[in-house]
Structures are given as structure tokens and as C-alpha cells.
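**Q**
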Amino acid sequence: MCGIVGYIGNKGATHILIKSLKRLEYRGYDSSGIAILNKKLKIVKAKGKIINLEEKLKKENLNGNLGIAHTRWATHGEPSDINSHPHTSNNGLFTIVHNGILENYKEIKNNLQKEGYNFLSDTDTEVISNFIEYQYEKTKDLLESISKFLKEGKGSFSLGILFENENTIYTVKKQSPLVIGIGTNENFISSDISATLEYTKNYYILEEEEIGIVKKDNIQIFDKNKNEIKKDIYVVDFDVSAAEKNGFDHFMLKEIYEQPTAIRNTINPRVINDEIDLKIDIDAKEINKIHVVACGSAAHAGIVFKNIVESLARIPTEVYLASEFRYQNPILEENDLILVISQSGETADTLAALRHGKTNGVKTLSIVNVLGSSIARESDLNLFTWAGPEIAVATTKAYSAQISLLYLLGIKFAFQRKKITKETEKLLVGEILTIPEKIENILKISENQIKELSKKYKNNKSIFFIGRGLDYAAVLEGSLKLKEISYIHSEAYAAGELKHGTISLIEDRTLVISCITQKHIFEKTMSNLQEVKARGAESIIITNEEAYIKEINVDVDKSNLLIIPKINDYFTPSLTAIYMQLFSYYISRELGSDIDMPRNLAKSVTVE
Ligand code: G6P
Numbered sequence: 042m043c044g045i046v047g048y049i050g051n052k053g054a055t056h057i058l059i060k061s062l063k064r065l066e067y068r069g070y071d072s073s074g075i076a077i078l079n080k081k082l083k084i085v086k087a088k089g090k091i092i093n094l095e096e097k098l099k100k101e102n103l104n105g106n107l108g109i110a111h112t113r114w115a116t117h118g119e120p121s122d123i124n125s126h127p128h129t130s131n132n133g134l135f136t137i138v139h140n141g142i143l144e145n146y147k148e149i150k151n152n153l154q155k156e157g158y159n160f161l162s163d164t165d166t167e168v169i170s171n172f173i174e175y176q177y178e179k180t181k182d183l184l185e186s187i188s189k190f191l192k193e194g195k196g197s198f199s200l201g202i203l204f205e206n207e208n209t210i211y212t213v214k215k216q217s218p219l220v221i222g223i224g225t226n227e228n229f230i231s232s233d234i235s236a237t238l239e240y241t242k243n244y245y246i247l248e249e250e251e252i253g254i255v256k257k258d259n260i261q262i263f264d265k266n267k268n269e270i271k272k273d274i275y276v277v278d279f280d281v282s283a284a285e286k287n288g289f290d291h292f293m294l295k296e297i298y299e300q301p302t303a304i305r306n307t308i309n310p311r312v313i314n315d316e317i318d319l320k321i322d323i324d325a326k327e328i329n330k331i332h333v334v335a336c337g338s339a340a341h342a343g344i345v346f347k348n349i350v351e352s353l354a355r356i357p358t359e360v361y362l363a364s365e366f367r368y369q370n371p372i373l374e375e376n377d378l379i380l381v382i383s384q385s386g387e388t389a390d391t392l393a394a395l396r397h398g399k400t401n402g403v404k405t406l407s408i409v410n411v412l413g414s415s416i417a418r419e420s421d422l423n424l425f426t427w428a429g430p431e432i433a434v435a436t437t438k439a440y441s442a443q444i445s446l447l448y449l450l451g452i453k454f455a456f457q458r459k460k461i462t463k464e465t466e467k468l469l470v471g472e473i474l475t476i477p478e479k480i481e482n483i484l485k486i487s488e489n490q491i492k493e494l495s496k497k498y499k500n501n502k503s504i505f506f507i508g509r510g511l512d513y514a515a516v517l518e519g520s521l522k523l524k525e526i527s528y529i530h531s532e533a534y535a536a537g538e539l540k541h542g543t544i545s546l547i548e549d550r551t552l553v554i555s556c557i558t559q560k561h562i563f564e565k566t567m568s569n570l571q572e573v574k575a576r577g578a579e580s581i582i583i584t585n586e587e588a589y590i591k592e593i594n595v596d597v598d599k600s601n602l603l604i605i606p607k608i609n610d611y612f613t614p615s616l617t618a619i620y621m622q623l624f625s626y627y628i629s630r631e632l633g634s635d636i637d638m639p640r641n642l643a644k645s646v647t648v649e
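With this note's numbering applied, the sequence shown corresponds to residues 42 to 649, in that order.
Structure representation (C-alpha cells):
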């Protein structure tokens with residue numbers, strides 16, 4: 042949440058900062074701001090998206106080779122010019138951009154007020170700039186003042202700090218991510234690598250409570266006790282084009298189309314002669330129970346995994362929303378496994394759950410997309426999804442890569458526990474390898490049909506999704522996708538549960554999207570569909586060819602039938618997801634919503 046960038050070098054900082062900031066807009070877009078230090082400090086801020094800041098900058102003369110900038114997802118104080126970052130301290134010595142939440146800001150603010158400090162904004166960030174200034178006035182030692190803040194500040198804070206008397210960017214990382222990009226005669230700071238990938242592929246990834254002192258031609262890193270640290274340079278192996286739209290109207294559509302490649306990148310290196318090699322040291326025979334912790338779509342991927350691993354490997358598995366995990370006092374035992382799923386690897390709730398597991402001595406395995414992220418660094422074992430950078434707030438390719446990898450993990454566990462034979466493993470893996478091509482087929486044939494359906498149903502006030510078993514796991518994600526970007530109210534229900542209350546909401550022409558792919562419960566879900574149709578519901582059915590031809594005898598318009606290619610029932614979520622993603626995308630387009638940056642959301646949620 043919130044994105045920060047900084048530049049120091051010989052080039053015009055404003056242009057570079059705005060360009061980089063735009064690549065961080067997925068992290069929040071309530072307001073933005075920039076500070077340039079060129080002997081004197083100049084700050085420009087604007088409410089709303091970065092485009093508003095650019096408009097303001099046309100009228101300002103903001104020249105200089107050193108600056109910091111920020112895009113905000115509001116936590117303390119409404120989105121407004123005054124609450125936008127950067128924030129300057131009372132005596133003007135320090136100007137700060139901040140990502141995270143200073144939890145004890147009230148207490149620090151009270152103390153500073155007693156010392157005569159005034160506050161213009163409602164933010165916790167202004168408290169940080171004043172705290173550092175107050176310490177600096179006392180000690181005249183900036184590193185000491187920052188270190189003092191690290192020791193006293195509670196919560197999460199990645200910072201970019203300008204000091205009015207120095208051509209330097211000071212930076213701090215605590216809980217929220219921060220990287221330092223290394224250039225030639227220029228250096229960068231940013232919340233993530235993709236922001237500055239155009240300028241450098243070499244990075245220092247700051248660890249917890251580290252402080253960076255970044256000059257044009259020198260970078261020093263210290264721990265919170267001011268001891269200098271030597272770090273390895275992390276060299277990125279993907280290109281800047283991975284973070285660009287490449288002719289698509291939205292990142293989301295581009296990422297939907299990238300799914301076959303993303304899945305191939307995830308699974309192909311892990312399958313050798315149809316056998317799974319995950320290259321991690323884990324033996325499912327020793328696992329008593331799996332606790333999956335994740336948020337949003339990643340939690341839905343976890344539910345897909347639960348279905349598969351319980352069915353194939355017979356390991357009891359519980360899926361927790363990461364924000365609930367710690368507070369429900371979970372029963373954790375020595376031979377349990379905590380499986381953490383996260384695209385960004387930075388989600389605060391998920392990270393906190395991981396740490397809770399580690400503190401309780403439980404082994405942790407993470408499924409993460411972003412290399413070098415906090416979750417990846419802190420878990421005992423890692424499996425990367427290798428889906429490439431995902432920019433649209435609503436996840437598509439990262440989710441698809443997650444479930445593909447989780448299929449492999451479930452099958453591997455089943456084989457290790459001798460619940461399936463080598464032949465069954467090979468058979469199932471053979472099916473997984475067909476997923477990318479089957480997605481390509483769906484993408485080729487379905488767009489027009491989905492566009493028509495989107496036009497037909499765009500004015501619906503409420504859309505329900507139903508399914509059973511793996512189809513229920515799939516529709517949870519389908520419904521989240523729809524509400525995230527179209528703002529249409531939507532609920533996903535286990536098809537059999539609808540009649541226990543929610544069916545009261547079904548009225549004439551309510552749209553119910555049914556996912557019906559699981560053979561053993563096919564007829565049951567069909568009956569549930571009949572129940573809603575009997576109450577006047579309109580219906581879109583996502584099903585598989587075989588089942589459709591044999592079984593469907595409900596009265597449904599052919600244009601409302603979405604057929605997935607034939608595949609083993611375990612893997613249908615990979616195919617049904619594509620239809621639901623496209624439907625959400627096109628209906629949102631019809632409604633004119635801001636698809637890549639939907640209101641109130643952010644892609645990387647680094648606050649609890
Ligand atoms: C945010 C996003 C969701 C995402 C969730 C988990 O809420 O808006 O789309 O699924 O975070 O993110 P993660 O990076 O941990 O997968």
C-alpha cells in the first residue's frame with residue numbers, strides 16, 4: 042500500500058520520478074506528491090491519481106537531480122492535498138515519503154506537541170518527519186536520529202527522507218518493502234523493482250530495520266544499531282516490457298492473455314518426464330496437518346488446494362484468512378505445515394501469520410510470485426510461481442499460476458504418502474500439462490460470446506455464483522473478480538447452501554452463474570440451479586462438454602452456455618476461471634469502471 046520512489050543522479054529527477062511512480066500506482070492512487078531538492082526544496086501534491094499531479098506539474102518549474110515521490114492509499118486522514126505526501130518537518134529540515142502505518146503515532150505526536158511541534162495534516166507520516174527533526178536538533182547526528190526512530194516507532198514504515206542540507210536520500214525499511222536500485226552515477230529507491238526496472242537491473246533489497254544512505258555515486262547500508270552491512274547485489278532477470286501493456290487496453294486483459302505462458306513457466310521446470318520435481322526438501326509423510334494462510338484470491342487458491350490435497354493425499358488441511366489466523370489461537374503442532382500463499386509476498390496479514398507460525402515452531406512453505414519479497418525471504422521453504430510481474434489490481438495470471446503449482450504440490454504429497462501410484466502421478470501431471478493449451482483455446486473462441494453476455498447483464502444490480510466442491514472454490518474467485526472491478530454486488534455460494542437463506546434474494550431476472558464441472562456432484566448442482574430458475578433467475582452455465590452433452594436438460598439459451606475443454610475434474614478451476622475473468626473484465630468495460638485500478642483497492646496491502 043502506498044508506493045515510494047526516489048532518484049539521485051545527473052538527470053532531471055521529476056520526469057524519472059513520475060514515470061517510476063506510475064509503475065507503483067497499483068499500490069494506491071488516492072493522491073500523489075513529489076519533492077525536488079535543488080538547493081531549495083519544492084513540493085507539489087495532488088488529490089487523486091498521478092495524472093492530476095502531472096497536470097499540476099505543467100504549471101510548476103520543478104527542476105533538479107534529486108527527489109522523492111509518493112502515491113498514496115489513505116490510512117490516516119482522507120485523501121486530500123494536505124494529507125498527501127511528502128511531509129516536511131516543522132523547521133523544514135526533513136521531508137519524508139512513507140509506506141506503512143506508524144502504530145504509536147498518537148503517543149509520539151503528543152510528546153512532540155509538548156515540545157512545541159505543530160501538525161498540519163492528519164497523517165502519521167508528519168509525526169515521523171518531526172520526530173526525526175526533533176532528534177536531529179538534539180544530536181546533530183542524522184543516522185543516530187533515524188536509528189532512534191527505528192527503535193521507538195512501532196508498526197510498518199518504509200521511508201524516503203530528504204535532508205535539506207545534503208544531496209542524499211536516506212531510506213528505511215520496516216515491514217513494508219524497499220529496494221535500492223543501483224545505477225552508474227545515479228541511484229534509486231523504490232517500493233518495488235518494477236518501478237525502476239527501466240533504469241537498472243541491479244538492486245539491494247533492504248531487510249528488516251535496515252537504513253540506506255544513498256548518494257549519486259555511493260550507497261551505504263546500516264542496521265538499526267548503526268553498524269554498516271555489506272549486501273549482495275540482486276540482479277533481476279526479467280525485462281521492463283513485462284511491466285508494460287504491449288498494445289492491450291488494460292494490464293488485466295494483457296495478464297489474462299499471458300496465463301498460458303505464466304502457467305508454462307510455473308509448471309514446466311518442475312515436471313521431468315511427467316514426474317514432479319519441486320526441488321524442495323519436504324516429506325509429506327511427516328506432515329500431520331496443513332494450515333493454509335492467505336488473503337483474497339490467494340485464499341481462494343488455498344481452497345482449491347484443500348480440495349485436492351485432502352482428496353488425493355488425505356492430509357487434513359484448513360484454510361484461514363490470514364487476517365483471522367493469529368487471533369483465533371490456531372492449534373499448531375510440531376509436525377504441521379503452514380502453507381503461505383501470496384502474489385506480492387508483502388501482504389501484511391499474511392506476513393504476520395507466517396511469523397506467528399514460525400514463532401510457534403511450525404515449518405513454513407510459501408508460494409510467492411515476487412522474488413526477494415518479505416514472505417519469500419522469511420519462510421523456511423519457497424516455491425515461486427514465476428508468473429512475471431502482475432500489475433492489474435485484480436489478479437488473474439498469478440492466481441492461475443498459484444493453482445497450477447498447488448496441483449503439483451498436492452499430487453507430490455499424495456505420491457509421497459503412497460496414496461497414489463507413479464502411474465497416477467504421471468497421468469495427472471499429463472493432464473496439468475494440457476492446461477495452457479486449453480486456456481489458449483478458450484481465449485480464442487470465447488471473447489465475442491462473453492462480450493455479448495456482458496452487454497446483456499451489465500445493468501444487473503446483483504450477480505450470484507454457485508458451485509459445489511472445486512466449483513465452489515472456483516466461483517469464490519469468480520465472484521471476487523466481478524465485485525473488485527465492476528462494483529456489482531456479487532456473492533458466491535456453495536450451491537447446496539443457497540436454499541438455507543440466500544435464496545430469498547433471488548427474484549425475477551437475478552443472474553446466477555453456475556459452475557458445474559464435477560461429475561460426482563453434477564446432478565446435485567443441477568438441482569440447485571433448477572431451484573433458482575424456478576424463482577425467475579437468469580442463468581449462465583459454465584460446464585464441460587461431456588457433462589453438457591449428457592446431462593443438461595434445463596432450459597438455457599445456448600449463448601449462455603460456456604463450455605470448457607475436457608480435462609480431469611481436479612483441474613477444472615484453471616479453465617472455468619478464464620470465463621469468469623473475461624466476464625468480469627468485459628462487464629466492467631461496459632460500465633466504464635477503472636479496471637486496472639479499481640476504487641478503494643490496492644494490489645499490495647501492507648497494512649493489517
Ligand atoms: C489485495 C488484492 C487482492 C489480493 C490480496 C492478496 O487485497 O486487492 O487481489 O488477492 O491483496 O494479495 P497477495 O499479494 O498476498 O496475493
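We put the beta carbon where it would ideally sit given N, CA and C, even for glycine.
What do you reckon, is the C-beta of residue 434 under 7 Å from a heavy atom of the ligand G6P?
**A** Within the sequence shown, the letter at position 393 stands for residue 434. Flag set: Cβ of residue 434 near the ligand G6P.
**Q** Any Cβ of chain C within less than 8 Å of the Cβ of residue 419?
**A** The chain labelled as chain C is not found in the depicted structure, where only one protein chain is given.
**Q** Under a three-way DSSP split, which group does residue 443 fall into?
**A** Residue 443 sits at position 402 when you count from the first residue of the sequence shown. The answer is helix: DSSP assigns residue 443 an H, G or I state.
**Q** Can you give me the C-alpha to C-alpha distance between residue 238 and residue 324, rounded to a whole angstrom?
**A** Within the sequence shown, residue 238 is the residue found at index 197, counting from 1. Within the sequence shown, residue 324 is the residue found at index 283, counting from 1. If you take the alpha carbons of residue 238 and residue 324, they lie about 38 Å apart.
**Q** My assumption, with CB atoms under 8 Å, is that residue 397 sits in contact with residue 366. Please give the rounded CB distance.
**A** The count along the sequence shown starts at 1 and reaches residue 397 at position 356. The count along the sequence shown starts at 1 and reaches residue 366 at position 325. Rounded, the Cβ-Cβ distance is 7 Å, consistent with contact.
**Q** Whole beta strand (DSSP E) runs in the region 78-116 with 3 or more residues, listed along the chain?
**A** You should have 81-88, 107-113.
**Q** Taking 8 Å as the cut-off, decide whether the C-beta atoms of residue 616 and residue 479 are in contact.
**A** Locating residue 616 in the sequence shown gives position 575, counting from the first residue. Locating residue 479 in the sequence shown gives position 438, counting from the first residue. It is a contact, given that the beta carbons lie within the stated cut-off.
**Q** Helix or strand or just coil, what does DSSP make of residue 66?
**A** Numbered from 1 along the sequence shown, position 25 holds the residue referred to as residue 66. Helix, per DSSP.
**Q** The ligand G6P heavy atoms versus the CB of residue 220: any closer than 7 Å?
**A** Against the sequence shown, residue 220 aligns to sequence position 179. No, the Cβ of residue 220 stays beyond 7 Å of every heavy atom of the ligand G6P.
**Q** Please report the distance separating the alpha-carbon of residue 436 from that of residue 522.
**A** Along the sequence shown, one-based indexing puts residue 436 at 395. Along the sequence shown, one-based indexing puts residue 522 at 481. Straight-line Cα distance between these residues: approximately 8 Å.
**Q** Run through the region 519-546 for me and flag every whole beta strand (DSSP E) of 3 or more residues, listed as ranges in chain order.
**A** Correct list: 530-535.
**Q** Is the separation between the beta-carbon of residue 620 and that of residue 491 shorter than 8 Å?
**A** In the sequence shown, residue 620 corresponds to position 579, counting from 1. In the sequence shown, residue 491 corresponds to position 450, counting from 1. Result yes, Cβ atoms of residue 620 and residue 491 sit closer than 8 Å.
**Q** For a quick check, are the C-beta atoms of residue 434 and residue 643 less than 8 Å apart?
**A** Your numbering for residue 434 matches position 393 in the sequence shown. Your numbering for residue 643 matches position 602 in the sequence shown. Yes, they are a contact pair.
**Q** Using CA atoms only, rank isn't needed, just tell me which of 102, 504, 88, 130 is closest to residue 122.
**A** As a position in the sequence shown, residue 122 is number 81, starting the count at 1. Selected option, being the one with the closest Cα: 88.
**Q** If we call anything under 8 Å between Cβ atoms a contact, is residue 94 one with residue 73?
**A** Locating residue 94 in the sequence shown gives position 53, counting from the first residue. Locating residue 73 in the sequence shown gives position 32, counting from the first residue. Cβ atoms of residue 94 and residue 73: closer than 8 Å.
**Q** Do residue 198 and residue 161 have their C-beta atoms within less than 8 Å of each other?
**A** Taking the sequence shown and counting its residues from 1, one reaches residue 198 at position 157. Taking the sequence shown and counting its residues from 1, one reaches residue 161 at position 120. No, the pair does not count as a contact, with Cβ atoms beyond the cut-off.
**Q** Buried or exposed for residue 310, please, with buried defined as at least 16 other CB atoms from any protein chain shown within 10 angstroms of its CB.
**A** Sequence index remark: in the sequence shown, residue 310 carries index 269 (1-based). Residue 310 comes out exposed.
**Q** What I want to know is whether the C-beta of residue 688 ends up closer than 7 Å to one or more non-hydrogen atoms of the ligand G6P.
**A** No answer is possible for residue 688: it lies beyond the span of the chain, which begins at 42 and ends at 649.
**Q** Can you determine whether any heavy atom of the ligand G6P sits closer than 7 Å to the C-beta of residue 338, and answer yes or no?
**A** Residue 338 sits at position 297 when you count from the first residue of the sequence shown. Because some heavy atom of the ligand G6P lies under 7 Å away, the Cβ of residue 338 counts as near it: yes.
**Q** Using 8 Å as the cut-off, can you tell me whether the region 624-631 makes contact with the region 364-381, which would need three or more C-beta pairs spanning the two stretches below that distance?
**A** Judged by Cβ distances under 8 Å, the region 624-631 makes no contact with the region 364-381, as fewer than three pairs qualify.
**Q** Curious, which full-length beta strand (DSSP E) runs of at least 3 residues does the region 353-398 contain?
**A** Counting whole runs of 3 or more residues, the region 353-398 contains the beta strand (DSSP E) stretches 358-362, 378-383.
**Q** Taking 8 Å as the cut-off, decide whether the C-beta atoms of residue 79 and residue 226 are in contact.
**A** Here residue 79 is taken as the residue at index 38 of the sequence shown, counted from 1. Here residue 226 is taken as the residue at index 185 of the sequence shown, counted from 1. Their beta carbons are not under 8 Å apart, which means residue 79 does not touch residue 226 by this criterion.
**Q** Only counting the same chain, and skipping five residues up and downstream in sequence, which positions put a Cβ closer than 8 Å to that of residue 104?
**A** Start at 1 with the first residue of the sequence shown, and residue 104 comes out as number 63. Excluding residues within five positions, the ones whose Cβ falls inside 8 Å are 53, 55, 77, 79.
**Q** Whole angstroms is fine: what's the gap from residue 262's alpha carbon to residue 180's?
**A** Locating residue 262 in the sequence shown gives position 221, counting from the first residue. Locating residue 180 in the sequence shown gives position 139, counting from the first residue. If I take the Cα positions, the gap works out to 21 Å.
**Q** Please report the residue range of the alpha helix (DSSP H) in which residue 190 lies.
**A** For the purposes of this step, residue 190 is taken as the residue at position 149 of the sequence shown. Per DSSP, residue 190 belongs to the alpha helix (DSSP H) from 183-193.
**Q** Which residue's Cα is closest to the Cα of residue 275: 375, 196, 414, 63?
**A** By one-based count along the sequence shown, residue 275 stands at place 234. The candidate whose alpha carbon is nearest that of residue 275 is 414.
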